[in-house]
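Oh and the sequence shown: position 69 is 69 in full-length UniProt numbering, straight run, nothing missing. Inspection log for the structure reproduced underneath, given as structure tokens.
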Amino acid sequence: LWNLAPPTQGLVSLAILGITDRLKMADADEAQTVHRIVEATKRAFALRDAHITDPRHLDVDVQQLLTPEALQPLADSIDDASASPWGRGKGPGDTVWM
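As structure tokens, then:
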């Protein structure tokens, strides 16, 4: 599976897929499925907010954020019985898609 490199949202979509891949989604009912995807998205956004920037200023190898060792703790932190808060983000900004 391939996606675009930083500073795009490619890391986010790959992280969401990697996290949900570890959550036994086939066993989830409809509400659990939506909940798990939303929670995976929150964690992927947190990765983005912590690490993704202009490629000239990256302080981490983005590939390391997508390893099983990096994604499993994020998946393990998802609780089917509660929702985690949304992150604060980085402030004003926008995205351009072409």
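Using N, Cα and C, we set each Cβ at its ideal position, and we do this for glycine too.
If you compare the alpha carbons of W2, P7 and L1 with that of I52, the shortest gap goes to P7. Between A40 and T67, the gap from beta carbon to beta carbon reaches 7 Å or more.
Between L47 and L11, the beta carbon gap of about 6 Å places them in contact (Cβ cut-off 8 Å). Nearest neighbour of W86 by Cα position, chosen from I37, T33 and F45, turns out to be F45.
Boundaries cannot be given for A5, as no alpha helix (DSSP H) includes it and DSSP labels it neither H nor E.
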